[in-house]
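A quick write-up on the structure given underneath.
Structural data, given as structure tokens:
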């Protein structure tokens, strides 16, 4: 009798996790947003990147809240960054019209002097479905911190 209670309890604990697993279709749809982001960045199309966001988006980076996403990316391109690689590490459905995604991106390019530019960013996005299309409602991105220094062996 106790085993059936334990099994029932374990099954109950596993149900929310199974329900939270994104289906393949959601992964593909969110993947299309990430791919379009990459393509627009690599074409240096700041307005194209901003078109992937909802009208009332919230964009946060290490400088705080970004009020003009297009202007932000125009500045990034002027600095010399011209290539973006996006890796989505996790997608969590929140409802039929909302999902949270996390990932890492690498941005590279060359400065005016020809010095290499290379930054890795960690990000979290809240994507919503608007008029049947997935858009970014909120994106937070920060430079990935360096790994902790190795402690000297004693």
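Numbering (the numbering used here), first residue to last: 29 to 182.
The beta carbon of each residue, even a glycine, is placed where N, CA and C say it ideally should be.
Cutoff 7 Å; reference residue i; Cβ partners in own chain excluding five residues on either side
{"i": "residue 122", "result": "128"}
Same chain, Cβ closer than 8 Å to residue i, neighbours up to 5 away in sequence not counted
{"i": "residue 66", "result": "112, 113, 114"}
Residue span of the beta strand (DSSP E) that contains residue i, given as start and end
{"i": "residue 140", "result": "Residue 140 -> no beta strand (DSSP E), and no H or E assigned at all."}
{"i": "residue 92", "result": "92-94"}
{"i": "residue 163", "result": "161-171"}
Residue i classed as buried or exposed, judged by whether at least 16 other C-beta atoms fall within 10 angstroms
{"i": "residue 93", "result": "exposed"}
{"i": "residue 75", "result": "exposed"}
{"i": "residue 36", "result": "Legend: pLDDT at residue 36 = 45, less than 50; position of this residue unreliable, no value from coordinates given."}
{"i": "residue 51", "result": "exposed"}
{"i": "residue 61", "result": "buried"}
{"i": "residue 133", "result": "buried"}
{"i": "residue 170", "result": "exposed"}
{"i": "residue 155", "result": "buried"}
Three-state secondary structure assigned by DSSP to residue i
{"i": "residue 79", "result": "coil"}
{"i": "residue 52", "result": "helix"}
{"i": "residue 67", "result": "helix"}
Sequence-distant residues of its chain with Cβ nearer than 6 Å to residue i (five each side left out)
{"i": "residue 68", "result": "76, 77"}
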